[in-house]
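Each residue of the sequence shown is one higher than the one before, counting from 169 in my numbering. Glycine included, C-beta positions come from ideal geometry on N, C-alpha and C. No experiment lies behind these values; they were computed from the predicted model shown. The block underneath contains the structure these notes are about, expressed in structure tokens.
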Amino acid sequence: MEKIKECPFCGNKNIIVGTDTEIEGLDEGEGSGYYAVVCNILNKGCGASGGYRKLKEDAIKVWNKRII
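Structural data, given as structure tokens:
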């Protein structure tokens, strides 16, 4: 699996990857199950997101290709 790069906006290295259920705090079965990479706002991040993708690997690839 591809290594996740730091946030292109704030430089935070505490980046999380999860499903919409995990990230948005939804009840089990309420989300789509799609994945997103998010700069962890709970750990000094800015909350930037690469958007949701069906596959975890695709979410990481999209995040890593982002430029400011």
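Alpha-carbon spacing of residue i relative to residue j, whole angstroms
i    : j    : result
V205 : C178 : 14 angstroms
E192 : K233 : 23 angstroms
Cβ shell of residue i (< 6 angstroms), same chain only, five flanking positions each side left out
i    : result
N208 : N182, I184
E174 : K181
K222 : Y202
Residue i burial status per 10 Å Cβ neighbour count (16 or more: buried)
i    : result
G197 : exposed
I228 : buried
G215 : exposed
Contact set for residue i: own chain, Cβ-Cβ below 8 angstroms, skip 5 residues either direction
i    : result
E225 : M169, E170
I172 : I183, V185, V205, I228, W231, N232
Y220 : D188, S200, Y202, Y203, A204, A227
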